[in-house]
Amino acid sequence: MAMGVVAAAASTFFAASPSPRLSRHRSRIRRAQATSSSWAGNAEELVRSGTVRPVRPRDARDLLGAEGFRLLDVRPEWERARAGVRGSAHVPLFVGDDDMGLVTLLKKWVHFGYIGLWTGQSFTKMNDRFLDDVAAAVAGDGKDAKLLVACGEGLRSLIAVRMLHDDGYKNVAWLAGGFSKCVDGDFADVEGESKLQYATIGGVSYIFLQLLLLLGVVK
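See the structure below:
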């Protein structure tokens, strides 16, 4: 997903969120959204400085095994359903936007025409419970949890990495390039109907992928 789509989805959600009684975590997400254009850049600085460890898919198994890291999958539910790593924690950073207001419906229509039809990606909003949901998923380890954060192509996970770091998680690693860069065997116990590296592909693009697979152009 392009960063423009990510930022647009986040802006849509926060512009429409009317409740003044936000939790501490929701307030932090709102502050992060205010500087959404620098999310990935800030996270990349954490990676360059060594504060956050970049991990290639082919090296992930050692990190998850010998070093005791846990895989945190931040993809939306429909990508996870296509292919996921059994035993990983799943906390989506973006969730489907069910708002049926006129403005949102117009945005959904534009999204479908430019993005959804070709990629199969639904119109999303920021998961305002993301940090709370991560805390629940790693209950017992707290902020000391060792997390390898992953998404389809590495952009959403960069946002998640920055948010987690700012929330006090210091043992955070990032799956460089996301699942799209992995090959068969990088992760054990993959479940779902698709290969992990193709799970982000949907819509018309999925039809082309199936044709390429049938012709043996890709495997």
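Residues in the sequence shown are numbered from 2 upward in steps of one, following my numbering. By construction, the Cβ of each residue, glycine as well, lies at the ideal position given by its N, Cα and C atoms.
query                                                                                                               : result
Cβ-Cβ distance between Arg-157 and Leu-47 below 8 Å                                                                 : no
Sequence-distant residues of the same chain with beta carbon closer than 6 Å to His-91, five excluded per side      : Asp-74, Arg-81
Candidates Asp-142, Leu-176, Asp-187, Val-184, of which the one nearest Arg-76 by Cα                                : Leu-176
Gly-153 classed as buried or exposed, judged by whether at least 16 other C-beta atoms fall within 10 angstroms     : buried
Cβ neighbours of Ser-195 in the same chain (closer than 7 Å, five flanking residues each side left out)             : Arg-83, Ala-84
DSSP bridge partner residues for Gly-85 (one or two, in chain order)                                                : Glu-192
Where Pro-93 falls: helix, strand or coil (DSSP)                                                                    : coil
contact_flag[the segment 56-65, the segment 166-173] where n(CB pairs < 8 Å) is 3 or more                           : no
Residue(s) in a DSSP beta bridge with Leu-73                                                                        : Ala-90, Val-150
Supposed contact pair Gly-178 and Gly-193 - C-beta distance, whole angstroms, cut 8 Å                               : Rounded, the Cβ-Cβ distance is 20 Å, inconsistent with contact.
N-terminal and C-terminal residue of the alpha helix (DSSP H) that Ala-61 is part of                                : 58-66
Delimiting residues of the alpha helix (DSSP H) encompassing Ala-136                                                : 131-138
Close-in-space but distant-in-sequence residues of the same chain around Thr-201 (CB under 7 Å, 5 per side omitted) : Glu-80, Gly-153, Glu-154, Ser-181
Under the three-state DSSP convention, the category Lys-126 falls into                                              : strand
Residue burial classification, Asp-129 (beta-carbon count within 10 angstroms, cutoff 16)                           : buried
Exposed unless 16 or more other CB atoms sit within 10 angstroms - verdict on Asp-187                               : buried
Host alpha helix (DSSP H) of Ala-161 (start-end)                                                                    : 156-167
Status (buried if at least 16 other CB within 10 Å, exposed otherwise) for Val-139                                  : buried
Per-residue DSSP class, three states only, for Ala-177                                                              : coil
Asp-185 vs Val-86 beta-carbon contact at 8 Å                                                                        : no
Cα-Cα separation between Arg-54 and Ser-89, rounded to whole angstroms                                              : 19 Å
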